[in-house]
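>
Residue numbers (the working numbering): 235 to 583.
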């Protein structure tokens, strides 16, 4: 039986059990914001690939996302089962590791085979990492495992995370975009958000997935019941909860990454700082584009936060991601997903 008033400690502890660690900052840097920029709506964070001296280290990001996909793809219950099998292995045997890696690889292979026109999976893993590192929000349901199920639709949110702070539960709805430009990414994000916001059936279905097939099944007793009560859209209780849309847009920043400075015997970090300065100078343009796109669809910008992730070539990132997973390359790997007013299509980089 759920108590009438939420136990903050109980709910906080429950979400802490579902929260994975993240060291995304090792491969992705985030620009510092001024106090004025922090007040702008929608909230915009500029992220970019870290450099290995003068070289943007796209391979390091691909490796990082490949490793993170282990936690992203597998449900918490399956991960716990693999972990238990490893812990019981005699003489520190690692025989269970290939089975775990195979399960992850097969999920991506199945998804790519079923939906070759979609190029979003690397973006979904990136969004997952952003939610962990920048929001400190736990994953409530593994969407990739659902998308590879024949009984589940491919459409819907790319992730659902949550954080309990100050007595308020914040539910984060994740939308990821992998695009050729920041402008098209902002447009696609706004259109997806508008579509989700106008679809009450899909909204309720996302909440139903949390309770039916989400990661909460590893929680027990009052922890699970109180968290489910918070997440019940039909609950009659006046529980403090807010919902926020998180857009993670990974795009090809060809122009700025091509603006380089000479290599010399000075501080090797100056190359990354040079790029960061150029990127920061573009902030107002990105902010204006996002604001215009969201307002065009009548979206409340105060309820949105966008993480813009600049890489030299999103096609190369996708290829590197699959290579790191040990998955054979496909023709669509070097292409990116673009959207126009009428239809979606793959575009050569």
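Positions of the beta carbon are idealized from the N, C-alpha and C atoms, including for glycine.
As the structure is a prediction and not an experimental result, all values here were calculated from the model.
Do residue 416 and residue 406 have their C-beta atoms within less than 8 Å of each other?
For the purposes of this step, residue 416 is taken as residue 182 along the chain shown, with counting starting at 1. For the purposes of this step, residue 406 is taken as residue 172 along the chain shown, with counting starting at 1. No.
> Under the rule that 16 or more other beta-carbon atoms within 10 Å means buried, what is residue 373, buried or exposed?
The residue labelled residue 373 in the question sits at position 139 within the chain shown. Buried is the call here.
> Taking Cβ to Cβ, would you say residue 282 is nearer than 8 Å to residue 513?
Translated into the one-based positions of the chain shown, residue 282 becomes position 48. Translated into the one-based positions of the chain shown, residue 513 becomes position 279. Result yes, Cβ atoms of residue 282 and residue 513 sit closer than 8 Å.
> I need the DSSP call for residue 373, collapsed to helix, strand or coil.
As a position in the chain shown, residue 373 is number 139, starting the count at 1. Strand, per DSSP.
> Do residue 302 and residue 264 have their CB atoms nearer than 8 Å?
Looking up residue 302 in the chain shown gives position 68. Looking up residue 264 in the chain shown gives position 30. Contact flag unset, no.
> Whole angstroms is fine: what's the gap from residue 469's alpha carbon to residue 259's?
Taking the chain shown and counting its residues from 1, the one referred to as residue 469 is at position 235. Taking the chain shown and counting its residues from 1, the one referred to as residue 259 is at position 25. In a straight line, the C-alpha of residue 469 is about 38 Å away from that of residue 259.
> Would you grab the beta carbon distance between residue 271 and residue 517 for me? Rounded to a whole angstrom, and I think it's under 8 Å.
Here the question's residue 271 lines up with position 37 in the chain shown. Here the question's residue 517 lines up with position 283 in the chain shown. Contact holds; Cβ gap of about 7 Å.
> Which residues in the same chain as residue 245 place their Cβ atom closer than 8 Å to its Cβ, once the five residues preceding and following it in sequence are excluded?
Reading the chain shown from its first residue, position 11 is the one you call residue 245. These residues qualify, in order along the chain: 398, 403, 457, 460, 461 and 464.
> Measuring alpha carbon to alpha carbon, tell me which of 532, 528, 549 and 305 ends up nearest residue 539.
Residue numbering aside, residue 539 sits at position 305 when the chain shown is read from its first letter. Of the listed residues, the one whose Cα sits closest to residue 539 is 528.
> Could you spell out where the alpha helix (DSSP H) holding residue 544 opens and where it closes?
Counting from one through the chain shown, the residue named residue 544 turns up at place 310. Careful: residue 544 lies outside any alpha helix (DSSP H), inside the beta strand (DSSP E) at 538 to 545.
> What is the rounded straight-line gap between the Cα of residue 312 and the Cα of residue 392?
Looking up residue 312 in the chain shown gives position 78. Looking up residue 392 in the chain shown gives position 158. Approximately 20 Å, taken between the alpha carbons.
> Select from 515, 541 and 526 the residue whose C-alpha is nearest the C-alpha of residue 481.
By one-based count along the chain shown, residue 481 stands at place 247. When only C-alpha atoms are compared, the closest one is 541.
> Between residue 332 and residue 535, is the Cβ-Cβ spacing less than 8 Å?
Position 98 of the chain shown, counted from the start, is the residue given in the question as residue 332. Position 301 of the chain shown, counted from the start, is the residue given in the question as residue 535. Contact flag unset, no.
> Please go through the stretch 377 to 460 and give each complete alpha helix (DSSP H) segment of 4 or more residues, from N-terminal end onward.
377 to 381, 416 to 431 and 434 to 447, all fully within the stretch 377 to 460.
> What is the residue span of the beta strand (DSSP E) that residue 477 lies within?
For the purposes of this step, residue 477 is taken as the residue at position 243 of the chain shown. Counting along the chain, the beta strand (DSSP E) containing residue 477 begins and ends at 475 to 486.
> Pick from 510, 548, 544 and 430: whose alpha carbon is nearest that of residue 267?
In the chain shown, residue 267 corresponds to position 33, counting from 1. Of the listed residues, the one whose Cα sits closest to residue 267 is 510.
> What does DSSP give as the partner residues of residue 282 in its beta bridges?
One-based indexing of the chain shown puts residue 282 at position 48. Paired residue(s): 263 and 544.
> By a C-beta neighbour count over all protein chains shown, 10 Å radius and 16 as the cutoff for buried, is residue 497 buried or exposed?
Position 263 of the chain shown, counted from the start, is the residue given in the question as residue 497. Residue 497 should be labelled exposed.
> Sorted by chain position, which residues of the same chain lie with C-beta nearer than 7 Å to residue 274's C-beta, five sequence neighbours on each side aside?
As a first step, residue 274 must be located in the chain shown, where it is residue number 40. Counting only Cβ-Cβ distances below 7 Å, and skipping sequence neighbours, we find 521.
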